[in-house]
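Adding 1445 to a residue's 1-based position in the sequence shown gives its number in the working numbering. Just so you know, even glycine gets a beta-carbon here, dropped at the ideal spot from N, CA and C. Quick caveat, the model's predicted, so the values are computed rather than measured. Report on one structure; see the data block that follows.
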Amino acid sequence: MTESLKRVVVVGASLAGLNAAETLRDQGFEGELTLIGAEPNLPYDRPPLSKQLLTGEWDVDRLPLRSESELEALRINWVLGRRAASLDLAARALRLEDGEPIAFDGLIIATGASPISLPGSELEGVHTLRSEADALRIRADFERGGRVAVVGAGFIGAEVVSSARARGLDVALIEALDAPMLGPLGPDLAAFMADLHRDAGVDLRTGRRVTEWLGGERVEGVRLDSGEVIEASTVVVGVGVRPTVGWLANSGLSIGDGVICDQYVRAAPDVYAAGDVCRWPNAYLRPFAYAEPQPTMRVEHWTNAVEQGAAAASNLLAESRGEPLTAFSPIPYFWSDQHGLTVMAAGITSPHDAVQVVHGSLAERRFAALYARHGYLSGVVAVAWPRMLRRYQQLIRDHTEWRDALAAARELET
Ligand SMILES: Cc1cc2nc3c(=O)[nH]c(=O)nc-3n(C[C@H](O)[C@H](O)[C@H](O)COP(=O)(O)OP(=O)(O)OC[C@H]3O[C@@H](n4cnc5c(N)ncnc54)[C@H](O)[C@@H]3O)c2cc1C
């Protein structure tokens, strides 16, 4: 280990930050390692928050990402329940909200993303969902009973609806676009998702926006742009997130929709970003972007946070040792559990030129669909069929031509 890297600070004590810390230790970093987290919790898992925690199958004791002994072995100086408030790059120091300075030689930014709330929604019984505390508040409201409305039919909204239905609650799902998950899946599969919700007894209202919040202290419902009133004593808003970058204003880092990094997820010398907060040029995207400048992306999914946290740590160490850095170029991947089905996607699924169901069928509710972009296989979506997703991941990575991908699918069928 070179002398240059004695103190590494990771801001954000969650999935990406924890994986960065583990990689630092795995790869021989013996110096001082500090993890700063705004929440009071040790790192815990978020996917169960909208699933098992809301249905009541799990309690919070199932959420920690690592056991106490695994965390002890990492020799971390935990700074929890305190927020980093500013960064001074030149001084190589950050400041906590109470003014305490923390100096570093290497920094990993893993502050994730924060839910967007809607104006006028500051009523009791209206929630967003990102943290364990949010999930417990929503669960308590589910336990009170009464009608639930969910605004936004992306992953989080759709999963909250699904968990509410699993508890037998009466639920409305309001979506501004014409179908749920239209952005990530495209129109054909989004129509499938709409049927899935309706068959599960969800009152699905697509192409509708909330124009008014009804109630006194506690929410009683929402008015839609059609004039209709949806009564609800609990409302969950799932209209997306923004990267948590406010504390980096005036830091000298390039900030836009995320911390802008290079292909090594480096934001500045000895400063890296990972997880939902990181925007970087994924080299995997290059063949899909003809005239555009090299496109950048930000991924809001679990597997990316794990892999990118590790990549950031590994490149920080390589930089300090004068070794070559490694570009971070994964195929994006996510899963979502809705109404008893697992939807998995890999690659780039939207916008697309063509989509074709190549195995199973929408009617069976078990299928794999391939997506094409600019003549290449760009993505795959598998519903209730994880094995099929894995079969196409390598073809996606290899930028297989669309006609060859279809031929491979026909071969698999025989
Ligand atoms: C309810 C829910 C369900 C999900 N389900 C799935 C799923 O099924 N499949 C999937 O692929 N992905 C899912 N995800 C997404 C996945 O959990 C995220 O992509 C992942 O948590 C991102 O990890 P991260 O470490 O980048 O950010 P986060 O997990 O958001 O952690 C960032 C941490 O930084 C802290 N922080 C922020 N600002 C500061 C500051 N200034 N100082 C100190 N600390 C700060 C935050 O409090 C937070 O603890 C889900 C997410 C949620 C919320």
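Can you name, in chain order, every residue of its own chain whose Cβ lies under 8 Å from the Cβ of residue i, other than the five neighbours on each side?
i: His1844; result: Pro1732, Tyr1821, Leu1822
i: Gln1839; result: none
i: Val1704; result: Ile1554, Pro1688, Val1690, Leu1693, Leu1698, Ala1712, Ala1718, Val1722, Cys1723, Arg1724
i: Leu1851; result: Gln1801, Val1803, Leu1815
So the candidates are the options; which of them puts its Cα closest to the Cα of residue i?
i: Glu1502; options: Val1826, Ser1562, Ala1609; result: Ala1609
i: Val1788; options: Gly1697, Leu1630, Gln1838; result: Leu1630
i: Ser1566; options: Ala1719, Pro1546, Glu1542, Ala1677; result: Ala1677
i: Arg1653; options: Arg1643, Ile1675, Ala1635; result: Ile1675
i: Leu1508; options: Leu1519, Thr1500, Tyr1489; result: Tyr1489
i: Pro1625; options: Ala1719, Ala1853, Ala1598; result: Ala1598
i: Leu1510; options: Ala1529, Glu1517, Leu1487, Glu1542; result: Leu1487
i: Glu1543; options: Val1800, Ala1483, Leu1618; result: Sequence check: residue 1543 is Asp here, not Glu. Cα-wise, what sits closest to Asp1543 is Ala1483.
i: Ala1860; options: Asp1471, Glu1673, Arg1528, Val1505; result: In this structure the chain extends from 1446 to 1859, so residue 1860 is not present and cannot be described.
i: Val1505; options: Pro1493, Asn1464, Ser1514; result: Pro1493
i: Thr1396; options: Leu1807, Ser1806, Phe1779, Ala1808; result: The question about residue 1396 has no answer here: the residues shown for the chain are numbered 1446 through 1859.
i: Ser1671; options: Arg1836, Leu1786, Glu1620, Ala1518; result: Glu1620
i: His1642; options: Asp1707, Trp1725, Leu1786; result: Leu1786
i: Leu1516; options: Ala1466, Gln1472, Gly1473; result: Ala1466
i: Arg1491; options: Asp1471, Thr1748, Leu1669, Ile1700; result: Thr1748
i: Ser1867; options: Glu1858, Gln1472, Val1684, Glu1673; result: In this structure the chain extends from 1446 to 1859, so residue 1867 is not present and cannot be described.
Mind checking whether the beta-carbon of residue i lies closer than 6 Å to any heavy atom of ligand 1?
i: Glu1848; result: A small correction: the amino acid at residue 1848 is Arg; Glu does not occupy that position in the sequence shown. Outside the cutoff, so no.
i: Asp1721; result: yes
i: Gly1557; result: yes
i: Ala1465; result: no
i: Gly1482; result: yes
i: Arg1491; result: yes
i: His1784; result: no
i: His1746; result: yes
i: Gly1666; result: no
i: Leu1574; result: yes
i: Ser1495; result: yes
i: Val1456; result: yes
i: Phe1779; result: yes
i: Ala1611; result: no
i: Ile1561; result: no
i: Leu1460; result: yes
i: Ala1529; result: yes
i: Thr1689; result: yes
i: Ile1601; result: yes
i: Ala1791; result: no
i: Ala1538; result: no
i: Trp1725; result: no
Near residue i, which residues of its chain fall below 7 Å by C-beta distance, leaving aside the five closest residues on each side in sequence?
i: Asn1760; result: Tyr1709, Val1710, Arg1711, Tyr1717, Leu1770, Thr1771
i: Met1833; result: His1804, Ala1813, Ala1827
i: Glu1477; result: Lys1451, Arg1452, Asn1522
i: Thr1689; result: Thr1556, Gly1557, Ala1558, Ser1559, Val1722
i: Ser1562; result: Thr1573, Val1682
i: Thr1447; result: Here Thr1447 scores only 47 on pLDDT, less than 50, and its place in the model should not be relied on; the value that follows carries that caveat. Around Thr1447: Ser1765, Arg1766.
i: Asp1702; result: Pro1688, Arg1724, Arg1743
Is the beta carbon of residue j closer than 7 Å to that of residue i?
i: Glu1604; j: Ser1531; result: no
i: Pro1775; j: Glu1752; result: yes
i: Thr1651; j: Asp1623; result: yes
i: Phe1549; j: Val1686; result: no
i: Ser1607; j: Gln1497; result: no
i: Arg1589; j: Asp1615; result: no
i: Phe1773; j: Ala1758; result: no
i: Pro1546; j: Arg1540; result: yes
i: Val1647; j: Ile1554; result: no
i: Ala1407; j: Gly1720; result: Not covered by the structure: residue 1407. The range shown for the chain is 1446 to 1859.
i: Thr1479; j: Ala1611; result: no
i: Val1524; j: Ile1481; result: yes
i: Tyr1594; j: Ala1617; result: Strictly speaking, residue 1594 in this sequence is Ala, with Tyr absent from that position. Yes, they are a contact pair.
i: Gly1526; j: Pro1485; result: yes
i: Asp1633; j: Val1800; result: yes
i: Asp1586; j: Thr1468; result: no
i: Asp1849; j: Arg1818; result: no
i: Val1825; j: Ala1791; result: yes
i: Arg1811; j: Trp1830; result: yes
i: Arg1575; j: Leu1519; result: no
i: Leu1730; j: Pro1714; result: no
Using C-beta distances below 6 Å, list every residue in its chain close to residue i, excluding the 5 sequence neighbours before and after it, in chain order.
i: Ala1645; result: Arg1610, His1784
i: Phe1600; result: Ser1781
i: Leu1552; result: Val1454, Val1716
i: Asp1533; result: none
i: Gly1660; result: Leu1568
i: Asn1464; result: Val1751, Gly1754, Ala1755
i: Asn1727; result: Met1742, Ser1774
Take every Cβ of the region 1553-1570, pair it with every Cβ of the region 1659-1666, and state whether three or more of those distances are shorter than 8 Å.
-> yes
Is it the case that the region 1578-1587 contacts the region 1739-1746, given that we only count it when at least three CB pairs across the two stretches are under 8 Å? no
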